[in-house]
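Here my numbering is used: the first residue of the sequence shown is 267, the next is one more, and so on.
Shown next, in structure tokens, is the structure this report addresses.
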Amino acid sequence: EVQVEHTAGVLRQFLVEPFVPHPQDTEYYININSVRDGDWILFTHEGGVDVGDVDAKAEKLLIPVDLTQYPSNEEIASTLLKKVPEGVHNVLVDFITRLYAVYVD
């Protein structure tokens, strides 16, 4: 149990992000969920505190349990980054791949 000011409880969910000053239209949201068939990666080009209904608006990619079927960088970009400027695809694909590696470790 952790206490922060007047609130105490168990931390179960975390947001991890380095702070870099940026305009709102360059903030993104990513979520990874485990299901029986693998892990869903949900990504939306609309980030921020008020993300809204992510499940309804996010692009989705299922990573199968068999990691030999892990998608290529091109598949990750074409599936998840449709609404993101192409100039940042390489950086975001690298981030998504590394984040997923930490998630499954």
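Beta carbons: idealized from backbone N, C-alpha and C, even for Gly.
Rounded to a whole number of angstroms, what is the C-alpha to C-alpha distance between residue i and residue j?
i: residue 338; j: residue 268; result: 40 Å
i: residue 297; j: residue 308; result: 5 Å
i: residue 363; j: residue 295; result: 15 Å
i: residue 273; j: residue 279; result: 16 Å
i: residue 352; j: residue 340; result: 12 Å
i: residue 289; j: residue 283; result: 15 Å
Between residue i and the rest of its own chain, which residues show a CB-CB distance below 7 Å, the 5 nearest in sequence each way excluded?
i: residue 343; result: 355, 359
Buried or exposed for residue i, going by 16 or more other Cβ atoms inside 10 Å?
i: residue 365; result: exposed
i: residue 333; result: exposed
i: residue 347; result: buried
With a CB to CB cut of under 8 Å and the five nearest residues on each side skipped, what residues in its chain are close to residue i?
i: residue 321; result: 308
Taking the alpha-carbon of residue i as reference, which of the options has the nearest alpha-carbon?
i: residue 357; options: 292, 270, 281; result: 292
At 4 residues or longer, what runs of the alpha helix (DSSP H) sit wholly inside the stretch 300-363? 320-323, 339-346
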